[in-house]
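Novice:
Protein chains: 4
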Amino acid sequence: MINIGIIGAGRIGKVHLESISYHVKNAQVKAVADPFMNEQTKAFVEGFGVKEIYTDYHEILNDAAIDAVLVCSSTDTHAQISIEAINAGKHVFCEKPVDHSTAKIKAVADALAAHPGCKFQVGFNRRFDHNFAAIRKAYDDGRIGDAHILKITSRDPEPPNPAYIKVSGGIFLDMTIHDFDMATFLTNSDVEEIYVNSAVLVDPAIGEQGDVDTAIITMKMSNGALAVIDNSRKAAYGYDQRAELFGSKGMVATSNDTLSSAVVADANGVTGEKPLFFFLERYMESFSEEMRQFVNAVETGCEVPVGIHAGLQSVKIGLAAKKSVAEHRPVKLSEID
Amino acid sequence: MINIGIIGAGRIGKVHLESISYHVKNAQVKAVADPFMNEQTKAFVEGFGVKEIYTDYHEILNDAAIDAVLVCSSTDTHAQISIEAINAGKHVFCEKPVDHSTAKIKAVADALAAHPGCKFQVGFNRRFDHNFAAIRKAYDDGRIGDAHILKITSRDPEPPNPAYIKVSGGIFLDMTIHDFDMATFLTNSDVEEIYVNSAVLVDPAIGEQGDVDTAIITMKMSNGALAVIDNSRKAAYGYDQRAELFGSKGMVATSNDTLSSAVVADANGVTGEKPLFFFLERYMESFSEEMRQFVNAVETGCEVPVGIHAGLQSVKIGLAAKKSVAEHRPVKLSEID
Amino acid sequence: MINIGIIGAGRIGKVHLESISYHVKNAQVKAVADPFMNEQTKAFVEGFGVKEIYTDYHEILNDAAIDAVLVCSSTDTHAQISIEAINAGKHVFCEKPVDHSTAKIKAVADALAAHPGCKFQVGFNRRFDHNFAAIRKAYDDGRIGDAHILKITSRDPEPPNPAYIKVSGGIFLDMTIHDFDMATFLTNSDVEEIYVNSAVLVDPAIGEQGDVDTAIITMKMSNGALAVIDNSRKAAYGYDQRAELFGSKGMVATSNDTLSSAVVADANGVTGEKPLFFFLERYMESFSEEMRQFVNAVETGCEVPVGIHAGLQSVKIGLAAKKSVAEHRPVKLSEID
Amino acid sequence: MINIGIIGAGRIGKVHLESISYHVKNAQVKAVADPFMNEQTKAFVEGFGVKEIYTDYHEILNDAAIDAVLVCSSTDTHAQISIEAINAGKHVFCEKPVDHSTAKIKAVADALAAHPGCKFQVGFNRRFDHNFAAIRKAYDDGRIGDAHILKITSRDPEPPNPAYIKVSGGIFLDMTIHDFDMATFLTNSDVEEIYVNSAVLVDPAIGEQGDVDTAIITMKMSNGALAVIDNSRKAAYGYDQRAELFGSKGMVATSNDTLSSAVVADANGVTGEKPLFFFLERYMESFSEEMRQFVNAVETGCEVPVGIHAGLQSVKIGLAAKKSVAEHRPVKLSEID
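These protein sequence lines are chains A, B, C and D, in that order.
Counting from 1, position 113 in the first sequence corresponds to residue 126 in my numbering; the numbering is continuous, with no gaps.
Counting from 1, position 299 in the second sequence corresponds to residue 312 in my numbering; the numbering is continuous, with no gaps.
Counting from 1, position 287 in the third sequence corresponds to residue 300 in my numbering; the numbering is continuous, with no gaps.
Counting from 1, position 278 in the fourth sequence corresponds to residue 291 in my numbering; the numbering is continuous, with no gaps.
Right, dumping it as structure tokens:
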């Protein structure tokens, strides 16, 4: 039985608490820490039988009975807490992005290099989604041949609060970072070069924060494939999450998930359901699966499915995207330190 | 917290044990009884933290701390155990069919009449399936108007062992009974008359048992709608579970669920996945939902969603179907006892 | 160049005139006859360059330069005109149904037996539809193995004028007759027995004419397959024309045709188009193809794709359907003279 | 009746000959000219009743009875012949691209300015395709609100002969030019800026000709929308022609056309048909429709649906695309001439 401590009891910390309690065998949450722990959160955590509830995460790092920690705190603390946890001999699951600074991510990588037995996984949950995993499997099985064109559509149902935009690091480090990771995952390749075509079409307040809300991002992958991501902060019909990989022998594509397959035909046409509302509905099962695989890596010593390289790559791509917008030109990943 | 005892630790008993442990709040399995309890099953049950494991189900009925029992034993014992449980003051969830004999089901109804506070639910889990529930919701919302034609396609991926055919009561009481219940649920109406067109096309051994393996069953519903079910014991592409309800204002239809939405386009065509394999894969979530609703009825005193009337109706329809085959004519439900 | 005379310039006669003029090589319409020829129709016919326009169809039968005639007159005259045309040495394309009386159809068959060189084709155009032809091809190619279950959905967008009901011979000889022919075509088999479950749900005026407007029709086919047709005189979403053939190795199914594949996703859901409105829109191409194949049979002497056997079978099935409704029991085709 | 002369009797000239003969009322082909007229082509043309067959197109221009000419000759002669035809008082339908040089296209525009009564239409047939027209209609009807993101997928089933690459002007002026026109049509807007991400992944011989065979092209439209086109010269599953327009209120998307809607479910999955093979199969109906609208403009004097502006724009976009590849940077349309 793997004992887990969760650092950060916000939305995603709670998701992991529930996943581990209900859907992960051989693991249990032993402690939860959050500097802003309130009564409501405390009651939620206790509802899962967790007895050790702290405001200071060091209590978790100092507990020898805890095998692994989940770093679910605010992004600016991910790297620091991860390094402390690694040095404290814990296995670490760190939410994405590891940090907005490549230097800080490299510091985490350095800590890991000094602790070769440490399992460190980054929270790119979409890799474990049934649809995206099916694309990668079709590719790995050789059903589409060499990868030529990857297309990812990723549109949110609602833009975030403009106040959040600033701390989020902007659309590329906050929202598109998942798509960047998907691009590398689905093509099994890194990014070489990126060009961003973007605009503020959803909400001028986003533009006032120096960010964009609509983007078409094209990339050259290291294996020669071309990739494109299209993003919008607001799709009237809900959370749009599709991908297609086209290759020398064929194409594999996925569509959105819905609550049911019911289709109503009437005088207005033939109408199916909107996509599942947002990431908690759409990707819930993937959160469980990433946790199962992390626990499995801790238990068996096998490699984690999403390591620090993915954590660093995705941020570098995001920074290159920002640079492309700022300088209005294609940017090579090698330009990002 | 509702304490539950499970009587019968076969496949479906285990499903409910897992559902309650993982997916039902405010309930826990306190005891499990099975006359053929073996080491493997015992270990499985213990894995969910259940400490009271018996061979004699009376241990459960005699435990005053147990609020509700799940009757998951063999069909021929459902009625007897249900009556004993009702008389012992337990709420009862009984697997389908309640019995093959309407007299025995009525005896259960009589016991219930004598215990008006008892919650008694029958295990027609498909009512809680996301797709079928969406059809009923569209109907209840008035989107299709009056019901005119109901079509249910229900085909298994593999026929059962011929040895099982005899004890199962035949295709209509074993397999189609779920579809009969769906017909009444989706049209919100009882059946008035039935005619069966059937054949042995899958396996002659099924015919040798006096049963059929392929059938088209048409019914007149009490609300005037016409209904048709088509059954096969073997679909080469897997478990086919679809329905469509056509009415004065429109139609609602559902298709099969798949593991992913991935579609591969290549020189052979555009190929999507087969349906989920069988009922455990296809209907797993509905088993959790029926249990949540049963526990809710026990907790709040509200009505159960599937009561003894549904249990009796479905068996009467099944018996009428058998009579239609035997006598080669349409049979009214009123002819059945 | 095959010279054709069209007898009957109503809706279907005009369709054939246009098809032959635009879409059939090696054939031309030389003459058109209609007892009720009016100015508007005359202008329409002349627009296609036809110069010989008559009220008496004998003018066509007496024209030695005419190779083939299309019998597009009212149903009660089909048999008589066909026999005259056969005896006049013409090849004949006769609209469906050949007649409502099997005796009269047999009289046509007798005339054909006396003229073995005569090509006689019945107007079951749906056999030439791209979707239904694809089902039959998949079956012929062995992709679904032995036929077990055939399902046909056939629903009209609007009921006919009640006044028409009487002369039409009722739903089974007017509307379902196409589906009966499809059942024999798609399974490549005759019908052995039929049972009809029917109701008046669309319009009481139809019931007052002694007809039904909603039906589920089950059949045993000679090759052992079971078949079911569901009919409604009014589908709110338009003309619903689907079929599926299920067999030992798999299933082939077709869906409705639409004007475009456009799907709009918005706050209401994901909405595609309604089916093409009615048979002229839906089956236009099949009218051309049946005519091409008829002309080809005339030209090359090869067998016609839909002969008098199909014309007789479909009416016998329709009469058996009426008998099933009247006597409320399954009826064998052998009971119909 | 509009009399038409066709100049150039290659593949597309023959398509128009057949369309006009079969599907366009009030028009007839009076003459066909081709410098390389051979016996086979002559027989084909005569089969449609055309009696005036020339090698010198001036015979057509000099025929006062001819109202309109179709310029279907090789691209390098389009502008010259068009100008001669305009000056000869003919209406002109010119195949795409009008020319590879903007100067030459402007010379055509100048000729048109001097002949204000002349109807001049460019052969962007896809505007008349049922699917693409449905996207534009949904947009015009306000169903998707303001345009934010346009996506076009356009992949050929087979690359052209490498020898053809050189004379074709490269992928952007030969293949993508249709997609460029679609981008302006579907968003009802011109292009402001373009960036091309491209590669040689299909056939090195294409690269040796200085061309690419795979591309992702992003554009800023004048109305603020972002657009992306993805191209491949070879899709293993056939001709892939899809588009989707995403806006403030929703999205409209189209999928590929197939020969039938038949889907086979078997042990391998659920398999539908490949897209229609290539442009002659896929867009045949649009060729008829563009011709009907051209004839209508000639007849009624109304505006042509695709004028010289579209002809010039599409080539300018193509040239900007080539410049973007050559200079590896985003290129503004204003930089072209």
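Glycine included, C-beta positions come from ideal geometry on N, C-alpha and C.
Note that the coordinates shown come from a computational prediction; the quantities given were computed from them, not determined experimentally.
How is the beta strand (DSSP E) around asparagine 244 (chain A) delimited, first residue to last?
Specialist: Indexing the first sequence from 1 puts residue 244 (chain A) at position 231. Here the beta strand (DSSP E) through asparagine 244 (chain A) covers 239–245.
Novice: Which residues mark the beginning and the end of the beta strand (DSSP E) in which arginine 149 (chain B) is found?
Specialist: Numbered from its first residue, the second sequence carries residue 149 (chain B) at position 136. Counting along the chain, arginine 149 (chain B) falls outside any beta strand (DSSP E), though it belongs to the alpha helix (DSSP H) covering 143–153.
Novice: Kindly indicate which residue of B:Gly324, B:Asp80, B:Ser268 has the alpha-carbon position closest to the one of glycine 102 (chain B).
Specialist: For this step, residue 102 (chain B) is matched to residue 89 along the second sequence. Closest by alpha carbon: B:Asp80.
Novice: List in chain order: all unbroken beta strand (DSSP E) runs of 3+ residues lying wholly within the segment 59–83 of chain A.
Specialist: Complete beta strand (DSSP E) runs here, min 3: 65–67.
Novice: Judging by CA-CA distance, which residue of A:Ala238, A:Met297, A:Gly260 is the nearest neighbour of isoleucine 25 (chain A)?
Specialist: Counted from its first residue, the first sequence places residue 25 (chain A) at position 12. Considering only alpha carbons, the answer is A:Met297.
Novice: Using a Cβ-Cβ cut-off of 9 Å, state whether threonine 115 (chain A) counts as contacting chain C.
Specialist: Mapped onto the first sequence, residue 115 (chain A) falls at position 102. Answer no: the Cβ-Cβ gap between threonine 115 (chain A) and chain C never drops below 9 Å.
Novice: Does methionine 264 (chain B) have its Cβ less than 9 Å from a Cβ in chain A?
Specialist: Taking the first residue of the second sequence as 1, we reach residue 264 (chain B) at position 251. Yes, methionine 264 (chain B) counts as interfacial toward chain A.
Novice: In three-state DSSP terms, what is methionine 188 (chain B)?
Specialist: Counting from 1 along the second sequence, the entry for residue 188 (chain B) is found at position 175. If DSSP states are grouped into helix, strand and coil, methionine 188 (chain B) belongs with coil.
Novice: Which runs of the alpha helix (DSSP H) at least 4 residues long sit entirely within the segment 97–185 of chain C? Give them in chain order.
Specialist: Entirely contained in the segment 97–185 of chain C, the alpha helix (DSSP H) runs reaching 4 residues are, in chain order, 115–126, 143–153, 175–181.
Novice: Does the distance between the C-beta of valine 121 (chain B) and the nearest non-hydrogen atom of the ligand GTP fall short of 8 Å?
Specialist: Among the ligands in the structure shown, none appear at all, so the ligand GTP cannot be discussed.
Novice: Is the beta carbon of phenylalanine 137 (chain A) less than 9 Å from the beta carbon of leucine 125 (chain A)?
Specialist: On the first sequence, residue 137 (chain A) is found 124 positions in, with the first residue counted as 1. On the first sequence, residue 125 (chain A) is found 112 positions in, with the first residue counted as 1. Against a cut-off of 9 Å, the Cβ pair of leucine 125 (chain A) and phenylalanine 137 (chain A) comes out as no contact.
Novice: Taking Cβ positions, are alanine 280 (chain A) and alanine 249 (chain C) nearer each other than 9 Å?
Specialist: Indexing the first sequence from 1 puts residue 280 (chain A) at position 267. Indexing the third sequence from 1 puts residue 249 (chain C) at position 236. In this structure, alanine 249 (chain C) lies closer than 9 Å to alanine 280 (chain A) by Cβ.
Novice: If I follow the unbroken beta strand (DSSP E) through leucine 258 (chain C), where does it start and stop?
Specialist: Looking up residue 258 (chain C) in the third sequence gives position 245. Unbroken beta strand (DSSP E) run through leucine 258 (chain C): 253–260.
Novice: For aspartate 279 (chain C), name the three-state secondary structure that DSSP assigns.
Specialist: Numbered from 1 along the third sequence, position 266 holds the residue referred to as residue 279 (chain C). Correct three-state label for aspartate 279 (chain C): strand.
Novice: Sorted by chain position, which residues of the same chain lie with C-beta nearer than 8 Å to isoleucine 321 (chain D)'s C-beta, five sequence neighbours on each side aside?
Specialist: Sequence index remark: in the fourth sequence, residue 321 (chain D) carries index 308 (1-based). Excluding residues within five positions, the ones whose Cβ falls inside 8 Å are Val111, Ile118, Val121, Ala122, Leu125, Phe133, Val135.
Novice: Find the nearest neighbour of leucine 74 (chain A) within the set A:Gly62, A:Ala98, A:Phe57, A:Glu52, judged by alpha-carbon distance.
Specialist: Within the first sequence, numbered from 1, the residue matching residue 74 (chain A) stands at position 61. The residue with the shortest Cα to Cα distance from leucine 74 (chain A) is A:Ala98.
Novice: Which one or two residues does DSSP pair with glutamate 206 (chain C) in a beta bridge?
Specialist: For the purposes of this step, residue 206 (chain C) is taken as the residue at position 193 of the third sequence. Its beta-bridge partners are C:Lys233, C:Lys345.
Novice: Please tell me whether glutamate 286 (chain B) has its Cβ less than 9 Å away from any Cβ of chain A.
Specialist: Indexing the second sequence from 1 puts residue 286 (chain B) at position 273. True, the Cβ-Cβ gap to chain A drops below 9 Å.
Novice: Where do the N-terminal and C-terminal ends of the alpha helix (DSSP H) with methionine 304 (chain C) fall, by residue?
Specialist: Against the third sequence, residue 304 (chain C) aligns to sequence position 291. Element bounds for methionine 304 (chain C): 297–313.
Novice: Would proline 170 (chain A) pass as a contact of phenylalanine 291 (chain A) if the rule is Cβ separation under 9 Å?
Specialist: Taking the first sequence and counting its residues from 1, the one referred to as residue 170 (chain A) is at position 157. Taking the first sequence and counting its residues from 1, the one referred to as residue 291 (chain A) is at position 278. Contact flag set, yes.
Novice: From A:Asn39, A:Tyr67, A:Phe57, pick the residue whose C-alpha is nearest to that of valine 28 (chain A); which is it?
Specialist: Mapped onto the first sequence, residue 28 (chain A) falls at position 15. Of the candidates A:Asn39, A:Tyr67, A:Phe57, the one whose C-alpha sits nearest the C-alpha of valine 28 (chain A) is A:Phe57.
Novice: In this structure, how does DSSP classify valine 319 (chain B) when only helix, strand and coil are distinguished?
Specialist: Mapped onto the second sequence, residue 319 (chain B) falls at position 306. Three-state DSSP puts valine 319 (chain B) in coil, outside helix and strand.
Novice: Using beta carbons (cut-off 9 Å, strictly below), is glycine 158 (chain B) in contact with chain C?
Specialist: As a first step, residue 158 (chain B) is located in the second sequence; it is residue number 145 there, counting from the start. Cβ-Cβ to chain C under 9 Å: yes for glycine 158 (chain B).
Novice: Flag this pair as yes or no: are the beta carbons of lysine 247 (chain B) and valine 204 (chain B) separated by less than 9 Å?
Specialist: The residue you call residue 247 (chain B) lines up with position 234 of the second sequence. The residue you call residue 204 (chain B) lines up with position 191 of the second sequence. In this structure, valine 204 (chain B) does not lie closer than 9 Å to lysine 247 (chain B) by Cβ.
Novice: Alpha carbon to alpha carbon, how far is lysine 329 (chain B) from arginine 295 (chain D)? Give it in angstroms, no decimals.
Specialist: Here residue 295 (chain D) refers to the residue found at position 282 of the fourth sequence. Here residue 329 (chain B) refers to the residue found at position 316 of the second sequence. Each residue's alpha carbon lies about 55 Å from the other.
Novice: So the alpha helix (DSSP H) alanine 218 (chain D) belongs to, where does it begin and stop?
Specialist: Reading the fourth sequence from its first residue, position 205 is the one you call residue 218 (chain D). Here the alpha helix (DSSP H) through alanine 218 (chain D) covers 217–221.
Novice: Select from the segment 213–232 of chain B all residues with a C-beta closer than 7 Å to any C-beta belonging to chain C, and list them in chain order.
Specialist: Within the segment 213–232 of chain B, the residues whose Cβ lies closer than 7 Å to some Cβ of chain C are Leu214, Thr227, Ile229, Thr231, listed in chain order.
Novice: Got a sec: is the Cβ-Cβ distance from leucine 293 (chain B) to anything in chain C below 9 Å?
Specialist: For the purposes of this step, residue 293 (chain B) is taken as residue 280 along the second sequence, with counting starting at 1. Output row for leucine 293 (chain B): interface = no.
Novice: In its own chain, which residues sit with a C-beta less than 6 Å from the C-beta of asparagine 144 (chain A), not counting the 5 before and 5 after it?
Specialist: Here residue 144 (chain A) corresponds to residue number 131 of the first sequence, with the count starting at 1. Closer than 6 Å at Cβ, skipping near neighbours: Thr267.
Novice: Would you verify that the beta carbon of alanine 120 (chain D) is, or is not, closer than 9 Å to some beta carbon of chain B?
Specialist: In the fourth sequence, the residue the question calls residue 120 (chain D) occupies position 107. Closer than 9 Å: no.
Novice: Taking just the CA atoms, how far does arginine 255 (chain B) sit from serine 167 (chain B)?
Specialist: In the second sequence, the residue the question calls residue 167 (chain B) occupies position 154. In the second sequence, the residue the question calls residue 255 (chain B) occupies position 242. Approximately 7 Å between the Cα atoms of the pair.
Novice: Please state if the CB of glutamate 316 (chain D) and the CB of asparagine 39 (chain D) are separated by a distance shorter than 9 Å.
Specialist: Walking along the fourth sequence from the start, residue 39 (chain D) turns up at place 26. Walking along the fourth sequence from the start, residue 316 (chain D) turns up at place 303. No, they are not a contact pair.
Novice: Counting Cβ pairs, one atom from each stretch, are 3 or more of them under 8 Å apart for the segment 159–166 of chain C and the segment 214–234 of chain B?
Specialist: With a cut-off of 8 Å, the segment 214–234 of chain B and the segment 159–166 of chain C count as touching, because enough Cβ pairs lie within range.
Novice: Is it a yes or a no for the segment 301–308 of chain C touching the segment 257–265 of chain C, going by three-plus beta-carbon pairs under 8 Å?
Specialist: Verdict: no, contact absent.
Novice: Could one say the Cβ of threonine 166 (chain B) lies closer than 9 Å to chain C's Cβ atoms, at least one of them?
Specialist: Start at 1 with the first residue of the second sequence, and residue 166 (chain B) comes out as number 153. Yes - at least one Cβ of chain C is within 9 Å of the one on threonine 166 (chain B).
Novice: Phenylalanine 49 (chain D): buried (16+ other C-beta within 10 angstroms of its C-beta) or exposed?
Specialist: Here residue 49 (chain D) is taken as the residue at index 36 of the fourth sequence, counted from 1. Exposed, since its Cβ has fewer than 16 Cβ neighbours within 10 Å.
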